[in-house]
Amino acid sequence: MIPQIPLKYRDAERWSFGDTESSADELAKRVIDGTKTATCSNLDDDPEPEAGEIFVVVDGRNNPVCAVQLTDVKQVPFDQVTEQHAWEEGEGDRTLAYWRTEHQRFFEEYEMFEPTMPLLLMKFKLVEKF
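Below is the structure:
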């Protein structure tokens, strides 16, 4: 049975982590178990999210998994992301080396990687599991 999004979250933006169905599934599980408490994105023309905003995390099939609330948002150049942030993203072996390798690969796929490119680093907390 596909979980339903509670009415109070129906207007929240949907987030999927990773760039494949299987990675989205795995990372959604890591949000639920508390391993993943942060993410990042490149800066674009969309309005920057703010601490306090709520997002619905979806799995690789776009099924809602949980709601998270942003607790911190800041801009940091790619080459200044810290070991702590890499750990909080909860991906792979959670090291900065792994984080840099995977995120560089991802951004290069979209031809937007620069070592000093500005990123939005976002921390969040789990609000509700569906």
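In the numbering used here, each number is its position in the sequence shown, counted from 1, plus 86. Even for Gly, the Cβ is constructed at its ideal location relative to N, Cα and C. Note that the structure is a prediction, hence the values are computed from the model and not measured.
| query | result |
| --- | --- |
| Interface flag, Phe-216 vs chain B, CB-CB below 8 Å | Checking the listed chains, one finds no chain B in this structure; it contains a single protein chain. |
| Range covered by the alpha helix (DSSP H) that runs through Asp-111 | 107 to 118 |
| When Thr-123, Lys-160, Val-144 are compared against Glu-136, the one with the closest alpha-carbon | Lys-160 |
| Check whether Val-144 and Val-154 have beta carbons under 8 Å apart | no |
| Test item: CB-CB of Thr-168 and Lys-211 under 8 Å | no |
| Run of the alpha helix (DSSP H) containing Ala-124, from where it starts to where it stops | Note, Ala-124: premise wrong, no alpha helix (DSSP H); beta strand (DSSP E) at 124 to 128. |
| Bridge partners - Val-142, DSSP secondary structure assignment | Arg-100, Ala-153 |
| Three CB pairs or more closer than 8 Å across the segment 177 to 186 and the segment 195 to 212 | no |
| Short Cβ contact (8 Å threshold) for Glu-99 with Phe-164 | no |
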